[in-house]
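Working notes, structure below.
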Amino acid sequence: MALALACSGVANARDKDAPAQPSAAVDELPPDQSVSETVIALAGWVVASKDNQGYPFAVMDKAAAQVLVFGGDGKLRGAAPALFGSAIGDHSAPGVAKLALSAIPGHDRTTPAGRFIGGYGPSDDAGRVLWVDYDSAVSLHPLPPGSPKEKRAERLASPTPDDNRVTHGCINVSPAFYEQIVQSTFEKGGVFYILPDKDSIAKTFPEFAQSRAEAQGDAAVDAQHAAK
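Quick note: the sequence shown, position 123, residue 123 per my numbering, numbers continuous.
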């Protein structure tokens, strides 16, 4: 249901007369977990405005602990639960990228919010990784081996997002989702949209917020005319 709604929303953004298509996307989300209207609207706006410039993109919802991956054509390729930074916040601390993971203070272990252009590149200790934001050393990668104390696999498999804040700032998805969807989709890079914890949508994605407000205003005017 969640993926069908997302697909329908993005398809309608591309062509208002296009019928909703059945989804063949990979769905790892818990059965009872829905995708927020904000995520669906943002993805639709990305396609309609061509903000992704034809590149594949992902929309990440920290509050719901979800990652939705779209191809450059705007079609949803998959959705999955994810782990995010343990600290609540939308900005990376200055110089955090230069610190060893163990040296990052707890309050600085944030996953930044915003629009990022990323791609694969080298790292100092993990080989070739998919950088979401190289400047703050935030990458999207599969669950790391080990880390039994953090119980990352158990957290990712739980049916709610309540325990999915555990990383040093990077985004973790299941190895299967990473290998099947993420790697092939972002092999040549892409655009990443991360929803905020505290900041407003208007501050994080001003062009999207303005477009949404204008659309809501137009809808209100249409409703008034229809009522006359």
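Glycine included, C-beta positions come from ideal geometry on N, C-alpha and C.
Continuous beta strand (DSSP E) assignments of at least 3 residues falling wholly in the region 91-125: 114-122
C-alpha distance - D51 paired with L42, whole-angstrom precision: 10 Å
I'd like to confirm the pairing. Which residues does DSSP put opposite V305 in its beta bridges? With the chain running from 1 to 228 in the structure shown, residue 305 is simply not present.
Roughly how many angstroms separate the alpha carbons of L29 and A215, rounded to a whole number? 30 Å
Does the count of Cβ pairs from the region 145-156 and the region 93-111 closer than 8 Å reach three? no
Apart from the five residues just before and just after A79, which ones in its own chain have a Cβ nearer than 8 Å to its Cβ? A2, L3, A6, A25, V26, D27, E28, L29, V35, Q66, V67, L68 and V69
What residues are listed by DSSP as bridge partners for I171? L140
Rounded straight-line distance, which links the Cα of D199 to that of P206: 12 Å
Please check the pair S86 and T167, which I expect to be a contact at CB under 8 Å, by giving their CB distance rounded to whole angstroms. 6 Å
Closer than 7 Å: A176 CB and nearest the ligand ATP heavy atom: No copy of the ligand ATP appears in this structure; indeed no ligand is present at all.
Compare the beta carbon distance of G118 and G189 with 8 Å and say whether it is the shorter of the two. yes
Considering A153, what are the terminal residues of the alpha helix (DSSP H) in which it resides? R152 to A157
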